[in-house]
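First residue of the sequence shown: 11, per the numbering used here; consecutive thereafter. Quick reminder that beta carbons are idealized off the backbone N, C-alpha and C, glycines included. Here the structure is a predicted model, which is why all the values come from computation and not from measurement.
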Amino acid sequence: MLQFSSNNPSSSIFHLLLPSLVPLNNPRAHASVCSSPSIDRSHYDDAALRCAAIMIAVVSSSAALMVAAAAALVLLLSLHLAVVVVGARGVQSQPSYRGGGGPCALAVTPLGYPCEEHQVTTADGYILSLQRIPRGRGGGWAAGAGARAGQPVLLQHGVLVDGMSWLLASPEESLPFILADRGFDVWIANTRGTRWSRRHVSLDPSSRLYWNWSWDDIVVNDLPAMVDYVCKQTWQKPHYVGHSMIEALSSLFSAGTLVALAAFSEGRVVDQLKSAALLTPVAYLAHITTPIGILLARAFVGELLSDLLGVAEFNPLAYVYCRPPVSNLIRAFCRKPGMNCYDLVGSITGKNYCLNSSAVDVFLKYEPQPTSTKTTVHFAQTVRDGVLTKYDYVLPEKNIASYGQADPPAYDMSSIPASFPLFLAYGGRDSLADPDDVRLLLDDLRGHDRDKLAVLYLDRFAHLDFVIGVCARDYVYKDMFAFFDRFN
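Structure follows, in structure tokens:
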């Protein structure tokens, strides 16, 4: 059993929480903590790393949920996930979200691929970035491109990551490059609040109003704006590819598939797409088995940040108390003797079949990305309720004002048009897009036209195998491309 002693500051909860006891509304107090020579900040970092090790033991135990609220709060603070508390208030400096030439200059053109930077403005004023890879390496297409030559494909990332998450492997393994080399015109989306889409026509990203959104707003505004833009630029309907991208060391949230399914269920964008491929689709979370996801959702952590602390931006990139962002802390943790982050990833996503162990460190060079705290609350509501609904304002009068009813309406997956081509791929070892939850979705789609629904089930695959697994090209993409070719 884990023991915490208040007499030993190097191992106590009180010691870990000490920096967080500085009043949140007192910038001078924050500054004094950072500048005080009497405070050994490395000591706090070591304590945080120890708490990270404790976290692995806690979330792996059957009794973890008995102490969910206390454990989740300690984890947030010790692992710097609560850096948003300071980042949202602008007390400490943050890394620049602009500059560096954008994803094209960072990750595409150095590899010999043509790349264009685009932007689109949503109906509610958010300015979004898209990257276009119009052709393969050297400006051409591989032999056999045929009817797919120039066919657009839109790739959608998940929450707490951005479009760079598709570009972190080699050209032989990254889906955008594989698509481009096979003749597709590739478009990479970046949703609101992320590094390359952190602008608005009138709102300042440091304001609470800028962050007043959940994934409902991405369904209504971001996805339609990006699909419409690609259609107008190419004069063709694109295919859509989404992955829930619940990245092991940055997020327990989904977007690439969840947003798409929610939009399709309301009839949005289906007339502007040729088809959609959803990798590890998330519409239900009733059977999610990853312990840390259950713990954070049931501990009402998002509500703590939003309602109690008044934090609108959930930002793992912010600096707090003179310490680096969460990604740097995790990298340091992973390099500690005896720590195996490949196993840590598996404990969250399920045991991946063909994930390269070096992928975690590469990922942490560019991710995670900010999102709204409201989105974290929405995720927690979905886990607790087990079904995907619109954002619950809790107070009946607020729900009535927004939806015309006391409870938030559910997204009805059975309302997805039966003639809309869907390719779904999921794995038997996935702890996040659990096979039982995917089967609930498939049950909703039982009336779908049989020639318009393709399902790929890979018993040995877990969550990350489908996108950054070294064997995804052979096991997943080949079938997905064949599905696309049916509708080109």
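A Cβ-Cβ contact shorter than 8 Å links Gly437 with Phe471.
For secondary structure counted as the beta strand (DSSP E) over 3 or more consecutive residues, the stretch 429 to 497 holds these complete runs in sequence order: 432 to 437, 463 to 468. In the DSSP assignment, His388 falls within the unbroken alpha helix (DSSP H) covering 383 to 395. About 6 Å separates the beta carbons of Thr385 and Trp225, which is inside the 8 Å limit, making them a contact pair. By the neighbour-count criterion, in which 16 or more other beta carbons inside 10 Å mark a residue as buried, Glu182 falls on the exposed side. With 16 or more neighbouring CB atoms inside 10 Å of its own CB, Lys400 falls in the buried class. Glu323 counts as buried, since no fewer than 16 other beta carbons sit within 10 angstroms of its beta carbon. The three-state secondary structure of Val130, taken from DSSP, is strand. Within 10 angstroms of the beta-carbon of Gln379 lie 16 or more other beta-carbons, which makes it buried. Ranked by how close their Cα comes to the Cα of Leu233, the residues Asn222, Ser217, Arg218, Val251 have Val251 in first place.
When DSSP states are grouped into helix, strand and coil, Tyr239 belongs to the helix group. Between the alpha carbons of Ala428 and Ser216 lies a distance of about 43 Å. Under DSSP, the beta-bridge partners assigned to Phe194 are Gln161.
Three or more Cβ pairs closer than 8 Å define a contact, and the stretch 236 to 250 falls short of that threshold against the stretch 452 to 460. One thing to note: Leu178 has its Cβ no nearer than 8 Å to the Cβ of Val118. Cα atoms of Gln161 and Asn498: separation of roughly 7 Å, rounded to the nearest angstrom.
By alpha-carbon distance to Leu164, the top candidate from Val240, Leu432, Phe476 is Val240.
Contact check for Arg147 against Tyr123 passes: the beta carbons are separated by less than 8 Å. Within a 10 Å sphere around the beta-carbon of Asp195 sit 16 or more other beta-carbons, which makes this residue buried. In the three-state reduction of the DSSP assignment, Asn231 falls in the helix class. The beta-carbon separation of Pro113 and Trp197, rounded to 12 Å, does not stay under the 8 Å limit for a contact. DSSP places Thr244 in the helix class (H, G or I) of the three-state scheme. The C-beta distance from Ile298 to His210 rounds to 33 Å, too long to fall under 8 Å, and the pair is not in contact.
Around the beta carbon of Trp223, a 10 Å sphere encloses 16 or more other beta carbons of the protein chains shown; the residue is thus reported as buried. Note that the C-beta distance between Tyr485 and Leu185 is not below 8 Å.
Within the DSSP secondary-structure output, Val251 pairs in a beta bridge with Leu165, Ala287.
Counting along the chain, no alpha helix (DSSP H) covers Tyr401, and no H or E run does either. Taking all protein chains shown into account, Ala416 has fewer than 16 neighbouring C-beta atoms within 10 Å of its C-beta and is therefore exposed.
One thing to note: Ser425 has its Cβ within 8 Å of the Cβ of Ser275. By the criterion of a C-beta distance shorter than 7 Å, Phe491 is surrounded in its chain by Arg192, once the five residues flanking it on both sides are discounted. In the structure shown, the three-state DSSP call for Leu140 is strand. Per DSSP, the continuous alpha helix (DSSP H) segment holding Val269 begins and ends at 268 to 275.
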